[in-house]
Amino acid sequence: MAQDIHTGDPQPVPLNVYETTDAVVVVAPLPGVMAEDVDVRVTEGRLEISARMRTPAPKDYIIHEWHYGPWERSIDLPHGFGGEARASFGNGQLAISVRRGEGGGRGDVTVASAGPGL
Numbered sequence: 001m002a003q004d005i006h007t008g009d010p011q012p013v014p015l016n017v018y019e020t021t022d023a024v025v026v027v028a029p030l031p032g033v034m035a036e037d038v039d040v041r042v043t044e045g046r047l048e049i050s051a052r053m054r055t056p057a058p059k060d061y062i063i064h065e066w067h068y069g070p071w072e073r074s075i076d077l078p079h080g081f082g083g084e085a086r087a088s089f090g091n092g093q094l095a096i097s098v099r100r101g102e103g104g105g106r107g108d109v110t111v112a113s114a115g116p117g118l
């Protein structure tokens, strides 16, 4: 039987972060969750992402190297990016855009369910 290294603690989410003319964009893969499972919060200079795990189906794995969550990650936003924030989730990927500016993006961000593709 394979050893299950997952302890139930939130796993760190790997990120791709890039800057456009108007915003900083964060893309995170979140397999096994739905848009309503994802929480995004922008505070002063910081982005917080968390995703709850759906009820796992126990299996007798032979190899078990990745999991469906829960997920968690916080990063500092680049200086000057604190404006309106938007988030969408589709195809197992979360995309967050935080516009240039101050104060407009603070608080919880509603995660919209995107259709196929982002």
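Following full-length UniProt numbering, the numbering of the sequence shown begins with 1 at its first residue and continues without gaps. C-beta atoms are modelled at their ideal positions from N, C-alpha and C, and glycine is treated no differently.
- By the Cβ rule, the stretch 72-91 counts as touching the stretch 17-33, because three or more pairs are nearer than 8 angstroms.
- Secondary structure in the stretch 32-90: the beta strand (DSSP E) runs of 3 residues or longer, each lying completely within the stretch, are 38-43, 46-51, 71-76, 85-90 in chain order.
- Ranked by Cα distance from ALA114, the options ARG54, ALA28, ALA35, SER50 are led by ALA35.
- Burial state of SER74 is exposed, judged by a 10 Å Cβ sphere holding fewer than 16 other Cβ atoms.
- Non-local beta-carbon contacts of LEU47 in its own chain, meaning distances under 6 angstroms to residues more than five positions away in sequence, involve ILE75, LEU77 in chain order.
- For GLY101, there is no enclosing beta strand (DSSP E), since its DSSP letter is neither H nor E.
- TRP71 is classed as buried because its beta carbon has at least 16 other beta carbons within 10 Å across all chains shown.
- Per the coordinates, the alpha-carbon of ILE62 lies some 22 angstroms from the alpha-carbon of ASP9.
- Close CB contacts of ASP37 within its chain, under the 6 angstroms cut and outside five residues either way in sequence, are with ALA51, ARG52 (chain order).
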